[in-house]
Each structure stands twice: as C-alpha cells, then as structure tokens.
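Reading through the structure tokens given below for one structure.
In mature numbering (1 follows the signal peptide of the UniProt record, and there is no 0), the protein residues as written are -26 to -1, 1 to 228.
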C-alpha cells in the first residue's frame, strides 16, 4: 500500500479515537508515535490533524530533550518544517523533518525530540469551549537515528536487557541495564514478588539509552521479597505497538 495512504488511514484512526473521548486533551494528533531515520535518509514526513473544536497555531522544533529548550535556543540534528502554521478544526497538515549537517555517533542509535506546541485562540467561540480555560500544550515525539551498519539489529535490542532489584528496608528500586546499541522504551514496568505485583513509578521518559542503565522506583512498600522476583515489562516498538516481556532479576539488599 502507498505510504501516504497508510499515513492517512492511521491519522483517520487517531481522529476517531480522539473524538471518542479517550484522548480528549490530545489536540494535535500525528500519524505516527515516533520517527525513524536510517543513515542516508534526508527527510521524513508526518501527517498532523487538529482534533480540537477550534483553530490553533502550531509551532514545531526539534531538541535534545531539554525541557527548557525553545525554537530559538535549540541545537539539534534535525529541522522541522514548517516551523509555524495555523490549523483549523479538523484540518490536516503535512510536516517535514529534515536531517541537517550536525554529526551523530556512528556506533549506536541517537535520539532527538520533535515538539508540537499548539497555541489556542484567546477565547474559543464554539460551545462548550466558551466557558472553559484553554491552555497551550506541547506534545513531544521521539526521533531515532540509526547508523546503517546496525539498523537491521534494532529488533534484537530487548535480548540485551537485564534488571537488578535493590531492597533498602521496605523501599525497592529496579535498575534496568541496556547492553544494546538502541534505546528501549517502556510504557509500563512491574515487579512480581511473592505473588504480588508492584508497579514502577511512571516517569515522563520511560526509556533506557544504549549501553547505559536507569533506575526506577517501585511504588508502595514491598513487605516481603525473595530471589525469585521477576520484572514484567511493556515495551514500545518502532510502530508504537506494545509487547510484553518478562525478565528474571538479580537481587541486592542494603
């Protein structure tokens, strides 16, 4: 199927979900949840739709994940075009993401962040929004860049993931170690110990970078603990789909 038709179908599905109320605050919806560049790709495109019942001004830029970045201060290996545009309610718009000449590592995957900053009108004229406070909203999407030499190995990254559980009194943390050359993103992480499930505290960035580790705090007090604890994860793939994977753990008590 033509890639443009696929993007439009995904976008229409997103509009349907948003209109059902599940993502009532989503505002600007994109045809994908992440963008993948392989070395040699000059640009990628996204289709956007305004699911708000009112027009918005959209400002776009790419940064390195710094929450304080602005379109004027950011330095990133990608540029989003156009940088500013208006979208009427229900309107669709194509967005280009262009690779610039900033260098990136050639031995591992890199990540940047696409910002979609929507600015609503001062006072909407459509009920029931007339009596509501409308705020500007910034949606961030990941842009991954992969050197050509490793690009085909991305699907194997999860095989190089391990977890260590650390207990200090009744407080427990999980440290995920990513020995792969790719970022691994999670939507959910849980600890299963002695027949009980304990959720990891959600963070804005549930991702472990290549060849690094990240510690997550477990919610609530873990009353008992044994060496047979396992970690249950929900991992996000290149298409934004989620799949489950369970890991055994190494344990450490303090």
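Positions of the beta carbon are idealized from the N, C-alpha and C atoms, including for glycine.
What's the call for residue 26, buried or exposed, on a 16-neighbour Cβ count within 10 Å? When all chains shown are included, residue 26 counts as buried.
Which whole-angstrom value is the C-beta distance of residue 146 and residue 139, which I expect to be below 8 Å? The distance from the Cβ of residue 146 to that of residue 139 is about 6 Å, consistent with a contact at the 8 Å cut-off.
Residues that DSSP places opposite residue 114 in a beta bridge: DSSP lists 89 as partners of residue 114.
Can residue 85 and residue 116 be called in contact, C-beta distance under 8 Å? Yes, the pair counts as a contact, with Cβ atoms nearer than the cut-off.
Buried or exposed (CB count within 10 angstroms, at least 16 for buried), residue 40: Residue 40 is exposed by the Cβ-count criterion.
Closest by C-alpha distance to residue 51, when choosing among 42, 207, 71: Looking only at 42, 207, 71, the smallest Cα-Cα distance to residue 51 is reached by 71.
Exposed or buried, which one is residue 77 when buried takes at least 16 other CB atoms within 10 Å? Exposed, because fewer than 16 other Cβ atoms sit within 10 Å of the Cβ of residue 77.
What does residue 171 pair with, by DSSP beta-bridge criteria? Residue 171 pairs with 166.
Less than 8 Å between the C-beta atoms of residue 48 and residue 32, yes or no? Taking 8 Å as the Cβ cut-off, residue 48 and residue 32 do not qualify as a contacting pair.
Between residue 183 and residue 202, is the Cβ-Cβ spacing less than 8 Å? For residue 183 and residue 202, no; Cβs fall outside 8 Å.
Any idea if residue 220 is buried or exposed, counting beta-carbon neighbours within 10 angstroms, 16 or more meaning buried? By the 10 Å Cβ count, residue 220 comes out exposed.
Check whether residue 88 and residue 9 have beta carbons under 8 Å apart: Yes, they are a contact pair.
What does the Cβ neighbour count give for residue 83, buried or exposed, with the cut at 16 atoms within 10 Å? Buried is the call here.
Can you have a look at residue 213 and say buried or exposed, based on whether 16 or more other CB atoms are within 10 angstroms of its CB? Counting the other CB atoms within 10 Å of its CB gives residue 213 a total below 16, which places it among the exposed residues.
Leaving out five residues before and five after residue 174 in sequence, what residues of the same chain have Cβ atoms less than 8 Å from its Cβ? Contacts found: 148, 162, 163, 164, 165, 190, 191, 192, 193.
Measuring CB to CB, does residue 54 end up less than 8 Å from residue 29? Against a cut-off of 8 Å, the Cβ pair of residue 29 and residue 54 comes out as no contact.
Closest by C-alpha distance to residue 223, when choosing among 38, 136, 18, 158: Here the closest residue by C-alpha is 136.
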